Each structure stands twice: as structure tokens, then as C-alpha cells.
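Asks: The structure that follows is given in the form of C-alpha cells.
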Amino acid sequence: MLLNSPFCAKVTISSLYFCCIATNMATQSTHLHVNLQKRPAVVTGSSSGIGLQTVNALLEKGALVYGLSRREPPVEHERFRWLKTDLSLPAEIAGSFKTIKERETYVPLLVNNAGLGVFGDVDAITPEAWAEVIAVNLTAAYLCTREVVPQMKLHRTGTIVNVSSIAGKRGFKGGSAYCASKFGLNGFSEALMEELREFGIRVCVVNPGSTDTEFFDRSAVQPAKRMDPEDIARIIVSAIELPDNVLPDQIVVRPL
């Protein structure tokens, strides 16, 4: 992050900080906030938690939302379509995007939210469990990004939000697989941001702390304080809505 650069604003609001990079700052900006009305968006891991709340928040803004997940989300809306997808399987990801592309010529918004946690000592985690965590948390984001980037480049606009974690910035005991996947997602996001910004494509990585989702139902870690997934979803949508000359590079949010 370019925290010492004049082109980067570091903002602290309670326990949230984010870094934004704005282009053409020397001239008066005429850029408007991004209008989500009828814009196609893809959200992975849409069945619960942050993904489900992001779907709802985008629908409230008027977007056309495709949800990719193994379980069907509890969403009934004329602008929502669920595509049953196992994000650990490249063939299923490709099949879902084939369906989307048959309906939409261009997908300008992608939220890579799907996440899986397997915890324990490194010698207790099986190679199969390790591979699945990496597949869902990291490889799926790469595969979904590959699907939307060509048209984003052609239109010279688009926003990709990768939902990572505080665990992508600091490791913790028993979290070797999960932390490896999230550190990888942060590195992927930073490299992708540098690669795509010249095409007018924004890449943002959101690093939430403990959030009240089903994730902790499967974890031995039980944090005392948790955030509401609706709050994280609002942050994601707010980042997407920023003027298109503003790049919300890194967002870190923790419970107060």
C-alpha cells in the first residue's frame, strides 16, 4: 500500500481503515459515484454470511446479481439468479460463467467471497483438506477473475472485490492452511491491482476481522467480539460505488 504517497488517503473510522488511490488528483474531478442500477454482478459464496448480505445489499442498489455457491441462498428476487457451484471444482466454475455469459455480454462487478476454513496443527491437516482450502479461498478467485477480466479490459472499466481476512495479514496458531490461502489472496489482489489499473479496472481487497458467520461454527477459535456480516457487505458495496477514478486498494475492518 502506498501509505506515504500523496495519492493515497488513509482514513480511520472507529476500527476501519482503508487506502484509496485517486487518479488525476491535480484537476477538478467530474467523476460520479458508480451507479449499480441493472449492472450485472457475480458474488461467490452467496449462501450465507458476508456473501449473502452482499447479494442483498447489491439488490437494494438495483444490481442484477448472480450468486455462486453450493447451497441455495434464502433470496427470492426477480434480479437474483442462483447458480449451484462447487467453488473447489474448476469445471463447475467454468460452467456457471458459461451460463452467465449466455445472458450477459459484460459483467462489470465481481465479488470473490467464497471461503473455507480448516484448522489444526499442520501435521493433522490432511493434504486433501489443505488442497480444498487453497482451491476455494484462492484458486477460485483466480478462476472467476479470469472469466470476467477480458470483457472488463475491452470496456476499460470494472471492479473486483476480493474478500480476504485479517488472517491474510497475520498468522495464528492452528491456522496454517487458512492463513496461507488468505496471504495468497492478498498477494494475488495486490499484483492484480497493479496489472489491471491501466485498463481502468479496480481491484479491492477487504480484510475483515472476526465476523458473526457460520465460519466460526467449524472453528475452535471463538472470538469474544464479532462484527455483523451486514456491516461488511455495506463496506463492500460502498467501495464499489466510489467514483471510478478512485481505487479502494486495501480495506481492513475489526470489531471495536
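Residue 128 in full-length UniProt numbering sits at position 128 of the sequence shown, and the numbers go up by one each step. Glycine residues also receive a C-beta, built at the ideal position from the N, C-alpha and C atoms. Owing to the predicted nature of the structure, the values given are computational and were not obtained by experimental measurement.
1. For residue 110, which beta-bridge partners are listed by DSSP?
2. Is the beta carbon of residue 241 closer than 8 Å to that of residue 33?
3. Let's test the definition: count the other Cβ atoms within 10 Å of the Cβ of residue 37 and tell me whether it reaches 16, buried, or not, exposed.
4. Under 8 Å: do the stretch 149–163 and the stretch 196–206 share three or more Cβ pairs, one atom per stretch?
5. Quick one: is residue 239 buried, meaning 16 or more other Cβ sit within 10 Å of its Cβ, or exposed?
6. Which stretch, first to last residue, makes up the beta strand (DSSP E) that contains residue 308?
7. Between the stretch 169–188 and the stretch 99–119, are three or more C-beta pairs nearer than 8 Å?
8. Using 8 Å as the Cβ pair cut-off and three pairs as the minimum, do the stretch 64–73 and the stretch 240–256 touch?
9. Note down the Cα distance separating residue 186 from residue 76, rounded to an integer number of angstroms.
10. Just curious, the alpha helix (DSSP H) that residue 103 is in, first and last residue?
Replies: Considering the structure as presented:
1. In the DSSP output, where bridge partners are listed per residue, residue 110 has 42 and 160.
2. yes
3. exposed
4. Using a Cβ-Cβ distance cut-off of 8 Å, the stretch 149–163 and the stretch 196–206 are in contact, since at least three pairs of beta carbons, one from each stretch, lie closer than that value.
5. buried
6. The first residue shown for the chain is 1 and the last is 256, placing residue 308 beyond what the model contains.
7. yes
8. no
9. 33 Å
10. 90–103
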